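In this note's numbering, the protein residues as written are 348 to 827.
Set out below in structure tokens:
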């Protein structure tokens, strides 16, 4: 092949000229249940083959290079696409290549069907297509690179995989990580990486890529939702105590919109609670978003909660979704299971998914569909789905603030109710918490008279009471 030959469908090692100023690199795959989450990234490297510093790493939660030359534009999980934009004339002179890469979270690239990279010009016309058909155990991948040649830009299809994950890839390009793994013994990359450039380091003592994303989200929070910053730090402390500092999960929030919740919404108590849930999600879910579901008489998919819309979220939500007369848990449970696992039907066999789901379920009343809700919880015990039920009201398992009950044992001390358990306002949720006949114990329950009365750090600890043990159970059963 001539060096200046233009082609659309590329094989590994081939190169094409890039006769355009603006390039979009679109990573594609066929979405399906159980497919690992894919995160695209770009590395701006010098002629030594290394980044100058960690700022030369562009990814989902650090979406724009300081020069403005490379941006993470969009990610559509349902469509299986993610787009990076490169403004070639704006790339700094010291940058020799823009490397297009990705990582697989919760699995390997061999589990990702239809994996490909499309290179588009500013009009959307395809410049090149590179299909990846030989991925296997890799958890990080270099798809290709835009590089300078004789004053012009070209694109090379690389197709190098790293079984050592994003940490191995990052170390190869000079990004500091905690406990970096060695580079792969054999690689399909065009040439071995050169020694580190002066002033760069791949030694231990930097920040992990997961933590780098978290730091980026904290910076965004300081600008977009400053009331969340302190909550994020408190959530981090609680997760670190449980060994979950770098754990990844999808986070769902399921809110009661029955009429009895009216005062709790009006007094902003639900708003304060959802801000805490978002803080937890910013530590669990790398996209920094919470999937929101609602239930009253009917179930609703309410979109996502994130830093851009958390301020005043409940007021905005209630303008679209009015409070309803009934309370039916299963209407939302069905939507949640279908959203994450593709089905709301009864299940009696294990469904594997590499990324678990943590669902915070908030209500102030009993449901009128106990049989259906019971079946949803039982069926979801065969899926990596954990239900954290929070009831607002009186219960035999009501939690008092630690400062209000210093003599009780344990961190929180479940307050003894004067009523018998059978008379509890939340008898059904207490039964779900202890329900027999499940594949794993996939639910926890506590009640609070007022969610704002529990200090932030105590609430985060309470949210993690049973979740770590559940993670061990589903791992032992091969569910993730």
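Note that beta-carbon positions come from the ideal geometry of N, C-alpha and C, so glycine has one too. Computed from a prediction, not measured in an experiment: that's the story for all the values here.
Along the beta strand (DSSP E) that carries residue i, what are the first and last residues, could you check?
| i | result |
| --- | --- |
| residue 591 | That residue, residue 591, is in no beta strand (DSSP E); it is neither H nor E in DSSP. |
| residue 683 | From DSSP, residue 683 is part of no beta strand (DSSP E) but of the alpha helix (DSSP H) over 676-688. |
| residue 364 | 362-364 |
| residue 819 | Here residue 819 belongs to no beta strand (DSSP E); instead the alpha helix (DSSP H) covers 814-823. |
| residue 506 | 499-509 |
| residue 774 | Unbroken run through residue 774 is the alpha helix (DSSP H), 774-780; no beta strand (DSSP E). |
| residue 388 | 384-392 |
| residue 371 | 369-375 |
| residue 421 | 417-423 |
| residue 826 | Unbroken run through residue 826: none, as it is neither H nor E. |
| residue 652 | 646-652 |
Classify residue i: buried if its beta carbon has 16 or more other beta carbons within 10 angstroms, exposed otherwise.
| i | result |
| --- | --- |
| residue 539 | Residue confidence is low: residue 539 scores 33 on pLDDT, short of 50, so the model does not pin down where it sits. No coordinate-derived value is stated. |
| residue 742 | buried |
| residue 497 | exposed |
| residue 823 | exposed |
| residue 436 | exposed |
| residue 370 | buried |
| residue 669 | exposed |
| residue 375 | buried |
| residue 684 | buried |
| residue 610 | exposed |
| residue 481 | exposed |
| residue 356 | exposed |
| residue 653 | buried |
| residue 810 | buried |
| residue 614 | exposed |
| residue 622 | buried |
| residue 696 | exposed |
| residue 663 | exposed |
| residue 726 | buried |
If distances are taken between C-alpha atoms only, which option among the options comes closest to residue i?
| i | options | result |
| --- | --- | --- |
| residue 478 | 360, 727, 381, 495 | 360 |
| residue 717 | 696, 677, 738 | 677 |
| residue 706 | 779, 697, 791 | 791 |
| residue 689 | 416, 381, 455 | 381 |
| residue 815 | 696, 686, 594 | 594 |
| residue 432 | 426, 420, 697 | 420 |
| residue 775 | 422, 460, 711 | 711 |
| residue 518 | 582, 401, 664, 738 | 401 |
| residue 728 | 694, 737, 617 | 694 |
| residue 389 | 709, 817, 781, 412 | 412 |
| residue 396 | 516, 825, 578 | 516 |
| residue 784 | 803, 469, 724 | 724 |
| residue 699 | 616, 780, 462, 458 | 458 |
Strictly by DSSP, which residues pair up with residue i?
| i | result |
| --- | --- |
| residue 735 | 707, 791 |
| residue 614 | Looking at the DSSP assignment, residue 614 forms no beta bridge with any residue, so it has no partner. |
| residue 671 | 605 |
| residue 476 | 356, 465 |
| residue 522 | According to DSSP, which records beta bridges pairwise, residue 522 is partnered with nothing at all. |
| residue 698 | Answer by DSSP bridge pairing: none, since residue 698 is not bridged. |
| residue 567 | Paired residue(s): none; residue 567 is not in a bridge. |
| residue 639 | 600 |
Considering only their Cβ atoms, is the gap separating residue j from residue i smaller than 9 Å?
| i | j | result |
| --- | --- | --- |
| residue 827 | residue 731 | yes |
| residue 506 | residue 466 | no |
| residue 655 | residue 745 | no |
| residue 449 | residue 487 | yes |
| residue 391 | residue 358 | no |
| residue 701 | residue 383 | yes |
| residue 407 | residue 443 | no |
| residue 625 | residue 648 | no |
| residue 368 | residue 434 | yes |
| residue 607 | residue 674 | yes |
| residue 635 | residue 564 | yes |
| residue 362 | residue 504 | yes |
| residue 364 | residue 468 | no |
Could you give the residue range of the alpha helix (DSSP H) that holds residue i?
| i | result |
| --- | --- |
| residue 409 | Here residue 409 belongs to no alpha helix (DSSP H), and DSSP marks it neither H nor E. |
| residue 725 | 717-727 |
| residue 439 | Here residue 439 belongs to no alpha helix (DSSP H), and DSSP marks it neither H nor E. |
| residue 488 | Note, residue 488: premise wrong, no alpha helix (DSSP H); beta strand (DSSP E) at 487-496. |
| residue 483 | It is not in any alpha helix (DSSP H) - residue 483 carries neither H nor E in the DSSP assignment. |
| residue 730 | No alpha helix (DSSP H) holds residue 730; DSSP gives it neither H nor E. |
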